[in-house]
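Trainee: What follows is a structure written as structure tokens; I'll ask about it next.
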Amino acid sequence: MKLAPIAIALLAASSAYAVSPAKPTAQTIYLGGDIVTVNDAVPTAQALAIKNGRILALGSEADILKLRDEATRVVDLQGKTLIPGFIDGHGHVFNTGIQALSANLLAPPDGAVTSIAELQQWLRDWVAKPQNKAHGIILGFGYDDSQLKEKRHPTRQELDAVSEDLPVIIIHQSGHLATLNSKALALAGFSPDSKDPEGGKIRREADGKTPNGVLEETAFFGALLPMFAKLNNQENEAIFKAGMALYASFGYTTAQEGRASSSAVKTMYQLAQKEKLPLDVAAYPDIQIARDVIAPPYYAQQYMNGFRVAGAKLNLDGSPQGKTAWLTQPYFIPPAGQEVGYKGYPSMSDEQAAHYIELAQRNGWQLLTHVNGDAAIDQLIKGVEASEKQHGKPDRGFVAIHAQTARKDQVASFQRLGIFPSFFPMHTFYWGDWHSDSVLGKERAQHISPTGWARELGMIFTSHHDSPVALPDSMRVYYATVNRVSRTGRPIGPDQRVSALEGLKAQTLWAATQYKEERSKGSLEVGKLADMVVLSANPLKVKPETLADIRVEETIKEGVPVYQRDTQSAGTSQGCADSARCSAVATTAMVAAGMLHHQPH
């Protein structure tokens, strides 16, 4: 594509990021491959120049090479593709560090656990390693009852078979449930006399009293939070660094901690005080329990060395695949122990939800609200309508997180109320079959994460991974958003598919808009941050069904490479599906920090 000589480089002359028209000199130039800008005005370029962490110019190779001098680094893409850095629509970068450090219990393609016997063996193999055995606890992440041969959760007795002496805790892939062995249940204080906490459940054995090991929602959170509260600063920093490293390996240049505790915020802030983070990290503390950190110096409009508290998080229900999301219509097949007609349950009352929504709007906080079930979405809509009557309709920037079972009328309400939807299309791949056959039934399952309805209304949206629910795999998110095909190849709502360009925008430019950072991120334009990703192929040119096969070769934050596939262990990138999964990151952090040597109380 031929662009006007040098003039493209000087388009920023009237902006805050202007370069001197006398002699603009590039520090780095990229050429020799496809450059996809995600800027509709200039969608492609032959070359791109960087100076001081920002994009200096785009244009033809001949024109951009005029901006070099003897110190300029010229990078030949060798036929690969340069795109804007991926921006995390919703995830948990701090908690992803825990995923990276624990036993991998994921099913294929991200792990190898397909039965309870295999799950038990992976836990035994993990604790047999000296650096793990020393921690005094066996921790696994990512098991999924829908993908196990038995189609059920493991029991406490089955985890006792792994160890009766050590506490065993395995976290469900949804992040909303966990199974504990007898030792862990006792340490956490659970007994036949324990009552279900508000917003959670203790699943019981046949006698209706004895905990069977499975804890839902607040019962699970209450058991684990004390354990992690005991970790020291070094251990918490190791977790955070492991999470950022895994994110970077999948091309993310902006990450989110989407339900931060006060201690996690302080860890991330303190690390950013000591060193510049490899990624930008925006944290959203839990509005119920972490309001102390939704304030300066943590809460800020600008990143400080890569970190800021950007708003607050509210949680109104649970997980559809875990069958704890709050629906208006019954689950197709109720979970064990529930009667026909079961619809899940809310995290709080309408009055409580309205209170927190009003609190966020009154304080000017961007509010991210977890709403999976359509009943929870109704609760959010009612709360926003009430807050609007009181405070008017400024640009709130409120975000509906997941919105998986949003009805068409609710998507229209999002548009009317200015609620930005961040959908979870990865469910079409990971749990499309489960939703069709067990959770929602075929008809309702076709419309999970209804991106097509949003586009019909001219709305933009983001697509996310919700890591550690799934690996922060940018190309798997992309693949699912565009294709909507389950693990078995079953189409899940083909009318909700979007184009490859729209899928890319949902993780770049539209994601920057969700954060209100579209002036500095999300596309390759003069003056914007040089946040970029090198891919093995051009996602706009390959067949859509091969998008998940594209590899992240390099991640570049403000012009500086923070991940390079050819110089780092394949275990920290898309190679996570193998048995070693992220072992380089995990082993380094484990040995350095001695993580998880505390037992829960």
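Those letters in the sequence shown? Residues -18 to -1, 1 to 583, per mature numbering (1 follows the signal peptide of the UniProt record, and there is no 0), in order.
We treat Cβ as the ideally placed atom computed from N, Cα and C, and that holds for glycine.
1) Contact defined as beta carbons within less than 8 Å: I believe residue 264 pairs with residue 276. What is the distance between those atoms, to the nearest angstrom?
2) Below 8 Å, can you find three or more Cβ-Cβ pairs linking the region 420 to 433 to the region 386 to 403?
3) Note the first and the last residue of the continuous alpha helix (DSSP H) segment covering residue 231.
4) For residue 375 and residue 333, I'd like the C-alpha separation in whole angstroms.
5) Relative to the C-alpha of residue 88, which candidate in 488, 413, 467 has its C-alpha closest?
6) Starting from the Cα of residue 269, find the closest Cα among 253, 349, 520 and give me that residue.
7) For residue 122 and residue 347, I'd like the C-alpha separation in whole angstroms.
8) Among 453, 230, 267, which one has its Cα closest to the Cα of residue 547?
9) By Cβ distance, which residues of its chain are closer than 8 Å to residue 54, with the 5 residues on each side in sequence left out?
10) Hey, residue 131 and residue 96: beta-carbon distance below 9 Å or not?
11) Among the candidates 74, 70, 439, 411, whose CA atom is the shortest distance from the CA of residue 486?
12) Whose C-beta lies closer than 6 Å to the C-beta of residue 272 among residues of the same chain, with five residues either side of it excluded?
13) Kindly indicate which residue of 403, 191, 529, 360 has the alpha-carbon position closest to the one of residue 379.
14) Determine, using beta-carbon pairs with one atom in the region 63 to 80 and one in the region 512 to 527, whether at least three such pairs fall under 8 Å.
15) First and last residue of the beta strand (DSSP E) that includes residue 402?
16) Check residue 345 in the structure and name its three-state DSSP category.
17) Using the Cα positions of residue 118 and residue 151, report the straight-line distance between them to the nearest angstrom.
18) For the beta strand (DSSP E) containing residue 117, list its first residue and its last residue.
19) Any heavy atom of the ligand SAM within a distance shorter than 8 Å of the CB on residue 460?
20) Ignoring anything shorter than 4 residues or poking outside the region 7 to 77, list the alpha helix (DSSP H) runs there in chain order.
21) Residue 371 and residue 37 - do their beta-carbons sit closer together than 9 Å?
22) In the DSSP output, what is residue 383 paired with across the bridge?
23) Residue 194: buried (16+ other C-beta within 10 angstroms of its C-beta) or exposed?
24) Who are the Cβ neighbours of residue 475 in its own chain at under 6 Å, not counting the five residues just before and after it?
25) Using a Cβ-Cβ cut-off of 8 Å (strictly less than) and excluding sequence neighbours within five positions of residue 158, which residues of its own chain qualify?
26) Just the C-alpha distance for residue 343 and residue 543, rounded to the nearest angstrom, thanks.
27) Please report the straight-line C-alpha distance between residue 32 and residue 502, rounded to a whole angstrom.
28) To the nearest angstrom, how far is the alpha carbon of residue 553 from that of residue 108?
29) Closest to residue 497 by C-alpha separation, out of 284, 154, 94, would be which residue?
30) Exposed or buried, which one is residue 80 when buried takes at least 16 other CB atoms within 10 Å?
31) Might you give, ordered along the chain, the residues of its own chain that have their beta carbon closer than 7 Å to the beta carbon of residue 274, omitting 5 neighbours on each side?
32) Please classify residue 455 as buried or exposed, where buried requires at least 16 other C-beta atoms within 10 Å of its C-beta.
33) In three-state terms, what does DSSP make of residue 462?
34) For residue -2, name the three-state secondary structure that DSSP assigns.
35) Report yes or no: is there a C-beta of chain D within less than 9 Å of the C-beta of residue 466?
Mentor: Working from what's here:
1) Rounded, the Cβ-Cβ distance is 13 Å, inconsistent with contact.
2) yes
3) 215 to 231
4) 20 Å
5) 413
6) 349
7) 35 Å
8) 230
9) 7, 8, 9, 10, 11
10) yes
11) 70
12) 243, 244
13) 403
14) yes
15) 402 to 405
16) helix
17) 12 Å
18) No beta strand (DSSP E) holds residue 117; DSSP gives it neither H nor E.
19) Within the structure as shown, the ligand SAM is missing, as the structure has no ligands at all.
20) 43 to 47
21) no
22) 352, 404
23) buried
24) 428, 429, 466
25) 198, 199, 202, 300, 301, 304, 306
26) 38 Å
27) 14 Å
28) Summary for residue 553: the model assigns pLDDT 36, below 50, so the residue's position carries little reliability; its value from the coordinates is reported in the next sentence. Cα to Cα, the separation comes out at about 16 Å.
29) 284
30) buried
31) 244
32) buried
33) helix
34) Reliability fails at residue -2, whose pLDDT of 37 lies under 50, so the model's placement of it is uncertain and the value that follows must be treated cautiously. Reduced to three states, the DSSP call for residue -2 is coil.
35) Here there is only one protein chain, and chain D is not present.
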